[in-house]
Each structure stands twice: as C-alpha cells, then as structure tokens.
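Heads up: the sequence shown runs through residues 1010 to 1185, numbered per my numbering. C-beta: ideal position from N, C-alpha, C; glycine also. These numbers were taken from a predicted model, which means no experiment stands behind them.
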Amino acid sequence: VLGEQALAEAARAETEQRMGFYRSPLHGIPIGIKDIIAVKGVRMTAGSQVLADYVSPEDAMVVEQLRKAGAIILGKTNTHEFAFGTYTPPTRNPWDRTRIPGGSSGGSTAAVAADMCLGAIGSDTGGSIRIPAACCGVTGLKPTYGRVSCYGVVPLSRSLDHVGPLGRSAEDWLAA
C-alpha cells in the first residue's frame, strides 16, 4: 500500500479539480495494480520469492497512462506466482472467505469487491480477469489484443497476455 504517496496524490487531485483542472474521469480515482505490473519505486514480486527484493525502476505503460489521467495508485494486489503458479498463499473471496477469487487477478478483483479501491488493473492470459470478476461479482474486461500495452508487465505468454480493467460495474469503466 502506497499510503503517504496515495494521500499526497489525492490532495493534489483535489486541488487541481478545485482550480478547474480536470484531467479525465479517472482523476482522483483510487486504483489497485496487480503485482506483475511495474510501478516505479515499488517492489514487484510477481508473487514469487525469486523477485522478493526487486523494485521497478519505471512504470508500466498502463500505470503511466493511469497517472496521466490523474488516477491514484493505491498499491499492489496479490497474484499467483508469475500469474500462473499456486505457490503464493491464496487471496480470499470477500463474499466467502472459504473460497478463492478465481484466478491470478484475484487480488485485484477481491480488492474491488471489498471496496478497497474503486478499480484495479489485472492481466488475462487464460481467463485471469474474466473468471475472478465472475467469482467476485465485479466487472472485468479482457481488451482486444494490443489495445492496452503490456510494456512493463511480467509476461506469461507474450502472444496471449492482455492487460485490462476491473471495476464494480461496466458503468464505472464506461464513464472512465
């Protein structure tokens, strides 16, 4: 969780909006980022002990675009090891803690479903946005291949990886 940084970004967004500067519908919206997606200066483990001490030197393209739009990056969300393995302790489904949220973007999905953030960014290679969204009662979108850049995302399968949004509803993301 990027507590102090997120609070500073929220204060900046509030000041900008009061002064009439409105970047986009995402301006001031808190967003969680799956831990295979680079956030500058933040540890990126990809759910693996192998990367336990890795700190990203730059933002992934999707994070860069979110920042330009004024979104507030709250922090990283849990993921399966390299978005595939089962080594990482499971995230719990916020609606039934005896169940998992359904896939490697489950941390992002559970964060949205539990009202920890208004939206999140996940990745989908074989259902990892769509299945957790269905399991947790939120909306996820696997965009057309290449529509959202995978630059700065730990790859599982470069020809199948997609980066996409998760939100409480389709209306939330349509507004953005």
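Considering only residues of the region 1115-1164, which uninterrupted beta strand (DSSP E) runs meet the minimum length of 3 residues and lie entirely inside it, listed in chain order?
-> Counting only runs of 3 or more, we get 1128-1133.
Do Cys-1145 and Val-1190 come within 9 Å of each other at the CB atom, strictly closer than that value?
-> In this structure the chain extends from 1010 to 1185, so residue 1190 is not present and cannot be described.
Cβ shell of Thr-1086 (< 7 Å), same chain only, five flanking positions each side left out | Same-chain partners within the cutoff: Gly-1041, Ile-1042, Lys-1043, Asp-1044, Gly-1116, Ser-1117, Ala-1120, Ala-1129.
In the structure shown, what three-state DSSP assignment does Lys-1077 receive?
-> Of the three classes helix, strand and coil, the one that applies to Lys-1077 here is helix, per DSSP.
Contact check, Ser-1137 vs Phe-1091 under 8 Å by CB: the rounded distance?
-> Contact check for Ser-1137 and Phe-1091: beta-carbon distance about 12 Å, past the 8 Å limit, so the pair fails to qualify.
Measure the CB-CB distance between Thr-1148 and Trp-1182 and report whether it falls below 9 Å.
-> Contact annotation: Thr-1148 and Trp-1182 have beta-carbon atoms nearer than 9 Å.
Presumed contact (8 Å Cβ cut-off) between Gly-1037 and Gly-1079, rounded CB distance = About 6 Å separates the beta carbons of Gly-1037 and Gly-1079, which is inside the 8 Å limit, making them a contact pair.
Along the chain, where does the beta strand (DSSP E) that runs through Gly-1111 open and close?
-> No beta strand (DSSP E) holds Gly-1111; DSSP gives it neither H nor E.
Contact the region 1044-1053 vs the region 1156-1167: 3+ CB pairs below 8 Å = With the cut-off at 8 Å, the region 1044-1053 and the region 1156-1167 touch.
Check whether the Cβ atoms of Ile-1140 and Gly-1111 lie closer than 9 Å to each other.
-> Annotated as proximal: Ile-1140 and Gly-1111, with beta-carbon spacing under 9 Å.
Compare the C-alpha of Pro-1152 against each of Arg-1167, His-1171, Pro-1066 and name the closest.
-> Ranking Arg-1167, His-1171, Pro-1066 by Cα distance to Pro-1152 puts His-1171 first.
Have a look at Ala-1142, Gly-1131, Arg-1027 and flag the residue whose alpha-carbon is nearest the alpha-carbon of Ile-1046.
-> Nearest of Ala-1142, Gly-1131, Arg-1027 to Ile-1046, Cα basis: Gly-1131.
Distance, Cα to Cα, Asp-1068 vs Arg-1108?
-> Cα to Cα, Asp-1068 sits roughly 32 Å from Arg-1108.
How big is the Cα-Cα spacing for Pro-1034 and Ala-1184?
-> C-alpha of Pro-1034 to C-alpha of Ala-1184: approximately 7 Å in a straight line.
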